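Have a look at the structure below, then the notes.
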Amino acid sequence: MTSPGWRRPAHGVRRTGKERVVLRQTTERVYSSIARVLGDAPAERRPEPAGRAPKASGIDPAVVGELKEIADYITRLKSGIAALRAQELMRDRLPMAHDELGSVVAATAGATNSIMEAAEAILVIEDSTLDGYRAKVESRIYEIFEACTFQDITGQRISKVVEALGQLEKRLESFATTVKIQDGEAKLDPEDAKRQSRAETLMLNGPQLKGPATPQDAIDALFS
Amino acid sequence: MALDLGMPILVVDDYQTMVRIIRNLLKQLGFEDVDDASDGTGALAKLKQKKYGLVISDWNMEPMTGYELLRHVRADDGLRTTPFIMVTAESKTENVIAAKKAGVNNYIVKPFNAQTLKTKIEAVCGA
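Top to bottom, those sequences are chains A and B. Everything in the first sequence is counted per this note's numbering, starting at 1 for the first residue and increasing by one. Everything in the second sequence is counted per this note's numbering, starting at 1001 for the first residue and increasing by one.
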């Protein structure tokens, strides 16, 4: 990296007064940048004793350039980390997603239970008159309708989780772009590694998105 | 050969709702002697206590999966001939082939209906 007006002198070449001024100004900029980034405070320097050349004049310009790059990177990193708003994610969004999904599981289980109870009750309804039988069946059917209202509520809960995940994805993408991060070798927690290995060995994939990966007809063909 | 509606059936699934659904479907088909277990370990214990005519098992369970249960059953001299149907959402072809190699008699992908269950039971137990 080269500052305006600065050309790199060969080793052992005596710098001109102009070069020394440019080097001092560049060094001061880097110094204050680093101090600002690391300490969020203005740079403080002890004044040079009168009649002495600035210490900065002895710094290799390549080092100055590298320091400047480091300072710029740290600034980008800090701004990327701040934009992640990790505290907000950990305090609000992720616990909310966890709670909402827990409620969805509970609501669907409760609704399924209610629907099945009503259906099982219909199967064993007895009444001596047609009107009496009809009234009992209708009463149970309305219970089923009521239980089906879970879909509206769980739909809203899941939408909130999807929105939170979208935010998380957006922020992580922005962070990765800002700091130009590359995926490294992940160090898995031993328990996670064990779980992952078990899932791979036993092929625990769970339901496929958008329906079965292999339709029943194709499976039947394998067994015919 | 007609289906023996009196044969004991063991349903293995960690979701009680699914157990209840399969129980009701079996009841609709005329089977009355139905037991259940919530994972492979519990199922294996029940299989060693009672002679079952059919096992209907999910795949994805902890701590012992349906696939592990199947392998245990096929490795046990006293159980190896027990008909075994896998009823599961694990529908990747590699899973189906792995289960077939391990000795499963038939394979049903969730969700399914009473007719599918009946057809598979007939194919496995002979009708």
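We put the beta carbon where it would ideally sit given N, CA and C, even for glycine. These figures come from a predicted structure and were not determined experimentally.
So who's on the other strand from residue i, going by DSSP bridges?
| i | result |
| --- | --- |
| B:Thr1088 | B:Val1109 |
| B:Val1034 | B:Ile1009 |
| A:Ser32 | Its beta-bridge partners do not exist; DSSP assigns none. |
| B:Val1055 | B:Leu1010 and B:Phe1084 |
Assuming residue i is part of the alpha helix (DSSP H), what are its boundary residues?
| i | result |
| --- | --- |
| A:Ser114 | Leu94 to Leu123 |
| B:Cys1125 | Ala1114 to Cys1125 |
| B:Leu1003 | Where B:Leu1003 is concerned, there is no enclosing alpha helix (DSSP H), given that its DSSP letter is neither H nor E. |
| B:Asn1095 | Thr1093 to Ala1102 |
| A:Asp152 | Phe150 to Thr178 |
| A:Gln196 | Pro190 to Thr201 |
| B:Met1018 | Gln1016 to Leu1029 |
| A:Thr75 | Pro61 to Leu84 |
| A:Ala261 | No statement about residue 261 of chain A is possible, as the shown extent of chain A runs from 1 to 224 and does not include it. |
| A:Thr214 | No alpha helix (DSSP H) contains A:Thr214, which DSSP labels as neither H nor E. |
| A:Gly206 | Per DSSP, A:Gly206 belongs to no alpha helix (DSSP H) and is neither H nor E. |
| B:Arg1071 | Gly1066 to Ala1075 |
| B:Gln1049 | Gly1040 to Gln1049 |
Return yes when the Cβ of residue j is within less than 7 Å of the Cβ of residue i, no when it is not.
| i | j | result |
| --- | --- | --- |
| A:Val93 | A:Ala164 | For the sequence presented, residue 93 of chain A should be read as Arg rather than Val. Closer than 7 Å, so yes. |
| B:Cys1125 | B:Leu1003 | yes |
| B:Lys1120 | B:Ala1089 | no |
| A:Thr27 | A:Ile59 | yes |
| A:Val161 | A:Ala97 | yes |
| A:Leu84 | A:Phe145 | no |
| A:Asn113 | B:Lys1092 | no |
| B:His1072 | B:Leu1054 | no |
| A:Arg157 | A:Ser103 | yes |
| B:Leu1070 | B:Val1104 | yes |
| A:Glu143 | A:Ala118 | yes |
| A:Met116 | B:Arg1020 | yes |
| B:Val1096 | A:Leu222 | yes |
| B:Ile1085 | B:Asn1113 | no |
| B:Leu977 | B:Lys1118 | No information on residue 977 of chain B is available, as it lies outside the stretch 1001 to 1127 that chain B covers here. |
Who are the neighbours of residue i on chain C, taking C-beta pairs under 8 Å?
| i | result |
| --- | --- |
| A:Ala213 | No chain C appears in this structure, whose protein chains are A and B. |
Checklist entry - With a cut-off of 8 Å, do at least 3 Cβ pairs link the stretch 1031-1038 of chain B to the stretch 1010-1020 of chain B? => result yes
Checklist entry - Three or more C-beta pairs closer than 8 Å, one from the stretch 1039-1048 of chain B and one from the stretch 1060-1077 of chain B: is that the case here? => result yes
Checklist entry - Taking one C-beta from the stretch 134-153 of chain A and one from the stretch 108-115 of chain A each time, how about it: are there three or more such pairs within less than 8 Å? => result yes
Item to check | Inter-stretch contact at 8 Å, needing at least 3 Cβ pairs: the stretch 63-79 of chain A / the stretch 177-187 of chain A | outcome: yes
Next on the checklist: Quick check: the stretch 187-206 of chain A against the stretch 125-136 of chain A, are at least 3 beta-carbon pairs closer than 8 Å?
Outcome noted: no
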